[in-house]
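Peer 1:
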Amino acid sequence: MSVAWLSHPSFEDQIRCSWSPLLNWNDNISNLQMKLRIWNKEVLGNIIARKKVLLRRLNGITRKLAHGSNDFLEQWVEYDTDLREEELFWF
């Protein structure tokens, strides 16, 4: 068991859902192991893939920002300027 497992919000739910009072200890442990293997692969195993996708997106955004103007950022700057002017107006 790793820190990633223990700190994940759905880890305790996996244990609760995998454990049955109707089963004996060995069957519960076997069931828990099987479900945690699947959970680890589906939930934690995807972290690396999600990180790669996110990094590619961020690199694409960085390249786009580096090559020319960005209307979205320009609008945020304009909005920020308007907010400052409005704030000064009330003083």
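Just so you know, we're using UniProt numbering here: the sequence shown kicks off at 1 and counts up by one.
We put the CB at the ideal spot given by N, CA and C, even for glycine.
Three-state secondary structure (DSSP) at W19?
Peer 2: Looking up residue 19 in the sequence shown gives position 19. In this structure, W19 counts as coil in the three-state DSSP scheme.
Peer 1: Please list the terminal residues of the continuous alpha helix (DSSP H) segment that includes N26.
Peer 2: Here residue 26 refers to the residue found at position 26 when the sequence shown is read from its first residue. Unbroken alpha helix (DSSP H) run through N26: 25-39.
Peer 1: Rounded to whole angstroms, what is the Cα-Cα separation between V3 and K64?
Peer 2: Residue mapping note: residue 3 aligns to position 3 of the sequence shown, counting from 1. Residue mapping note: residue 64 aligns to position 64 of the sequence shown, counting from 1. Roughly 37 Å separates the two Cα atoms.
Peer 1: Please state whether DSSP places N46 in a helix, a strand or coil.
Peer 2: Mapped onto the sequence shown, residue 46 falls at position 46. N46: helix per DSSP, three-state reduction.
Peer 1: Compute the distance between the beta-carbons of H67 and L44, then report whether it is under 8 Å.
Peer 2: Here residue 67 is taken as the residue at index 67 of the sequence shown, counted from 1. Here residue 44 is taken as the residue at index 44 of the sequence shown, counted from 1. The answer is no: Cβ separation not under 8 Å.
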